[in-house]
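The sequence shown: position 191 = 191 (the UniProt record's numbering), numbered continuously. Virtual Cβ for every residue (Gly too), placed ideally from N, Cα, C. These numbers come from a predicted model, not from an experiment. Inspection log for the structure reproduced underneath, given as structure tokens.
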Amino acid sequence: MKARSIDDIAKTEAEYWNENKLDRRKIKKLRRHAFHYSYKRESKFLQEKVKHFNDKDVLEIGSHAWVSWIKGNATPKSLDCINISEVELEKGINNAKNIPFEIKFHLMDANTLTFKDEMFDVVYGGAILHHLDVKKSISEIYRVLKPNGIILFTEPLNMNPFYKLYRYFNKKERTPDEHALVNKDFKIIKEKFTFEHVFLDFFSVITGYISLKIFGDKNYDNWINKIGYRLDVFFSKIPFLHVLFARVIIYGTKK
Numbered sequence: 001m002k003a004r005s006i007d008d009i010a011k012t013e014a015e016y017w018n019e020n021k022l023d024r025r026k027i028k029k030l031r032r033h034a035f036h037y038s039y040k041r042e043s044k045f046l047q048e049k050v051k052h053f054n055d056k057d058v059l060e061i062g063s064h065a066w067v068s069w070i071k072g073n074a075t076p077k078s079l080d081c082i083n084i085s086e087v088e089l090e091k092g093i094n095n096a097k098n099i100p101f102e103i104k105f106h107l108m109d110a111n112t113l114t115f116k117d118e119m120f121d122v123v124y125g126g127a128i129l130h131h132l133d134v135k136k137s138i139s140e141i142y143r144v145l146k147p148n149g150i151i152l153f154t155e156p157l158n159m160n161p162f163y164k165l166y167r168y169f170n171k172k173e174r175t176p177d178e179h180a181l182v183n184k185d186f187k188i189i190k191e192k193f194t195f196e197h198v199f200l201d202f203f204s205v206i207t208g209y210i211s212l213k214i215f216g217d218k219n220y221d222n223w224i225n226k227i228g229y230r231l232d233v234f235f236s237k238i239p240f241l242h243v244l245f246a247r248v249i250i251y252g253t254k255k
């Protein structure tokens with residue numbers, strides 16, 4: 001089968017988001033249990049890193065993660081937000097009222113950024129790299145970052161065989177070309193960035209499923225989910241177990 005071009009992939013991505021074709025109702029119920037505590041851990045980590053966005057020129061690959069990531073936590077010198085989808089871009093625009101810093105919104109493909117070289121101090125995004133050609137987008141991100149520029153991304157992973165099976169049988173939850181990160185993607189990123197990562201959610205997915213069956217779509221703050229979370233925090237410190245986890249936070253510096 002002939003590989004699809006980046007332009008074709010971008011068109012499909014825009015279509016799926018513009019027309020709201022994804023159906024994630026089932027997975028959202030599980031996430032509310034499985035990720036209940038890890039979301040808090042993630043938020044704490046992001047808030048600590050976002051403090052460094054103050055007085056910086058920042059680019060969001062996406063268009064409305066800034067609401068939860070930056071608003072109230074930092075005041076960048078400037079913020080540019082891009083999205084391939086007009087609908088998703090509009091969500092960011094609608095939220096950008098009474099914000100104490102300048103935000104510019106652009107309809108743009110992150111695989112082919114139209115910004116000049118070394119424009120930004122920071123490039124970040126929430127669950128966005130896996131919708132892109134990682135090699136091409138990382139090269140573009142590297143190009144537009146200033147020396148010692150920072151990247152910050154949260155991404156799903158697809159190295160655990162059980163997650164691979166789940167994705168295969170639940171295709172309505174994802175766009176046709178998206179690909180949660182695997183080892184080769186980390187190698188691409190490491191070519192251009194020195195980074196640390198935080199791995200999230202392995203046991204919590206198992207305990208979250210049990211918790212969902214017992215409590216239904218409520219009472220996420222319970223002992224079952226807490227056990228899964230505590231096991232994850234401990235075992236995420238063991239590198240060879242990273243392939244089992246569902247999500248990762250990537251925080252890096254341009255080489």
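Span of the alpha helix (DSSP H), counted from its first residue to its last, around residue i
i, result
"residue 26", "25 to 34"
"residue 259", "Given that the chain is displayed from residue 1 to residue 255, the structure contains no residue 259 and the question cannot be resolved."
"residue 262", "The first residue shown for the chain is 1 and the last is 255, placing residue 262 beyond what the model contains."
Distance, residue j Cα to residue i Cα
i, j, result
"residue 33", "residue 117", "42 Å"
"residue 148", "residue 195", "12 Å"
"residue 248", "residue 66", "19 Å"
"residue 178", "residue 72", "31 Å"
"residue 5", "residue 11", "10 Å"
"residue 183", "residue 212", "30 Å"
"residue 231", "residue 48", "23 Å"
"residue 222", "residue 70", "29 Å"
"residue 59", "residue 202", "31 Å"
"residue 20", "residue 88", "10 Å"
"residue 31", "residue 254", "32 Å"
"residue 78", "residue 54", "9 Å"
"residue 242", "residue 236", "6 Å"
Residue range of the unbroken beta strand (DSSP E) whose run includes residue i
i, result
"residue 56", "Premise fails: residue 56 is in no beta strand (DSSP E) and is neither H nor E."
"residue 264", "Past the boundaries of the shown model lies residue 264; the chain is included only from 1 to 255, so the question cannot be answered."
"residue 172", "Careful: residue 172 lies outside any beta strand (DSSP E) and carries neither H nor E."
Short Cβ contact (7 Å threshold) for residue i with residue j
i, j, result
"residue 104", "residue 121", "no"
"residue 210", "residue 138", "no"
"residue 175", "residue 13", "yes"
"residue 130", "residue 181", "yes"
"residue 162", "residue 250", "no"
"residue 217", "residue 29", "yes"
"residue 56", "residue 76", "yes"
"residue 165", "residue 245", "no"
"residue 171", "residue 23", "no"
"residue 252", "residue 151", "yes"
Residues that residue i bridges to, as DSSP identifies them
i, result
"residue 125", "153"
"residue 70", "Residue 70 pairs with nothing; no bridge assigned."
"residue 248", "155, 199"
"residue 78", "57"
Supposed contact pair residue j and residue i - C-beta distance, whole angstroms, cut 8 Å
i, j, result
"residue 155", "residue 110", "Not really, about 13 Å apart at Cβ, beyond 8 Å."
"residue 63", "residue 17", "Wrong, their Cβ atoms sit about 10 Å apart, outside the cutoff."
C-beta neighbour in chain B for residue i, strict 7 Å
i, result
"residue 53", "Protein chains in the displayed structure number just one, and chain B is not present."
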